[in-house]
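Below is one structure, written out as structure tokens; the observations come after it.
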Amino acid sequence: MATAYHRKKQPELVRRTLLDCAAKLALEQGLAAVTVQAVSLAAGVTKGALFHHFPSKQALVEGVVADLIAQLDADIDAAMAKDPLPYGRYTRAYVDITLHDPMMIEGSQWAALHISILAEPALRRMVSDWFAERLHRHRDTDGDADLEFVRLAADGAWIAYLVREKPTDPVPELGALRKRLIAMTHAGRPGPADGGRT
1 MATAYHRKKQ PELVRRTLLD CAAKLALEQG LAAVTVQAVS LAAGVTKGAL FHHFPSKQAL
61 VEGVVADLIA QLDADIDAAM AKDPLPYGRY TRAYVDITLH DPMMIEGSQW AALHISILAE
121 PALRRMVSDW FAERLHRHRD TDGDADLEFV RLAADGAWIA YLVREKPTDP VPELGALRKR
181 LIAMTHAGRP GPADGGRT
């Protein structure tokens, strides 16, 4: 009785627990394993409590993806805050975070989760909308075609590692690639003398 009362007083804690349990299931077994039954059991709540926070399985899965996007957003913002140069700041942060993706070094579990997200149209749209919003927000400093090329190269490298034959193989050249792509964001930086491209 005290536990139920305690949970009612902490709805955000229950919601957080549900998201964490769903993410763990998705990571370990893929998005198909994220069922109302499995998540409510793992979280120690009733199905009714789960439905109070997430009206459907789809809403729960979208909540997990939104959580991953929010973490990506926070990581990019933190990297940008450390970068003193406005030109290309978002692109440098994006490349750094993208090519530090844990799935590249921790094996096929992350790969399976990312592939599941990319394969589901509604989830893919969430990621696409987030990306479009970030590009719009940083269009003044990161709108150049050269910077777009760098971001696309990072995405291509990410996908190449995602689908490699042995996901658990180490990727020693990843750091060098990340450095090369980040260096490319400085090559076209507007110079103070001409106010334009150098």
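When we follow UniProt numbering, the leftmost residue of the sequence shown carries the number 1, and every step to the right adds one. Note that CB positions come from ideal geometry on N, CA and C, so glycine has one too. Just so we're clear, the structure is a prediction, and the values are computed from it rather than from any experiment.
Asked, Found
"Can you find the residues in the same chain that come closer than 8 angstroms, C-beta to C-beta, to proline 86, ignoring five residues on each side of it along the sequence?", "Thr141"
"Measure the C-alpha to C-alpha separation of lysine 179 and histidine 114 and round it to an integer number of angstroms.", "24 angstroms"
"Could you tell me which whole alpha helix (DSSP H) segments of length 4 or greater appear in the stretch 129–153?", "139–142"
"Could you please give the first and the last residue of the uninterrupted alpha helix (DSSP H) stretch that includes histidine 52?", "47–53"
"What three-state label does DSSP hand proline 86 in the structure shown?", "coil"
"Between leucine 177 and the rest of its own chain, which residues show a CB-CB distance below 8 angstroms, the 5 nearest in sequence each way excluded?", "Leu99, Ala157"
"Roughly how many angstroms separate the alpha carbons of tryptophan 130 and arginine 15, rounded to a whole number?", "22 angstroms"
"Classify leucine 118 as buried or exposed, calling it buried when 16 or more other Cβ atoms lie within 10 Å of its own Cβ.", "exposed"
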